[in-house]
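Visitor: Please find one structure pasted underneath; my questions will follow.
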Amino acid sequence: MTVYDTARILGVSKKRTEEIIREVRRTIHRDPKTGKIVIRTNGWGKTAGNHSSRNGTKTRKTASARRKASR
517 MTVYDTARIL GVSKKRTEEI IREVRRTIHR DPKTGKIVIR TNGWGKTAGN
567 HSSRNGTKTR KTASARRKAS R
């Protein structure tokens, strides 16, 4: 049974099946040195919307802000 067969049995459209397969291929790859299958972490291909709540704000105080806070 293939991925396509499983998707068809579950009622997933052909177009959506192709989208899912493309996404999985972007996320998972085989390590050339070890030959093991590796899942890429967030550091590799960040999607739009990551950390959207922090856009435009600093996540860490600057040195001068830390000095002021410690007075």
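Start counting the sequence shown at 517; every next residue gets the next number (the numbering used here). Just so you know, even glycine gets a beta-carbon here, dropped at the ideal spot from N, CA and C.
Whole angstroms is fine: what's the gap from residue 556's alpha carbon to residue 541's?
Guide: The alpha-carbon atoms of residue 556 and residue 541 are separated by roughly 10 Å.
Visitor: If you follow the alpha helix (DSSP H) that residue 524 is part of, which residue opens it and which one closes it?
Guide: Where residue 524 is concerned, the enclosing alpha helix (DSSP H) stretches over 519-526.
Visitor: At the level of alpha carbons, what is the spacing between residue 537 and residue 554?
Guide: Looking at the two C-alpha atoms, the distance is approximately 16 Å.
Visitor: Where does residue 583 sit, in a helix, a strand or coil, going by DSSP?
Guide: Three-state result, residue 583: helix.
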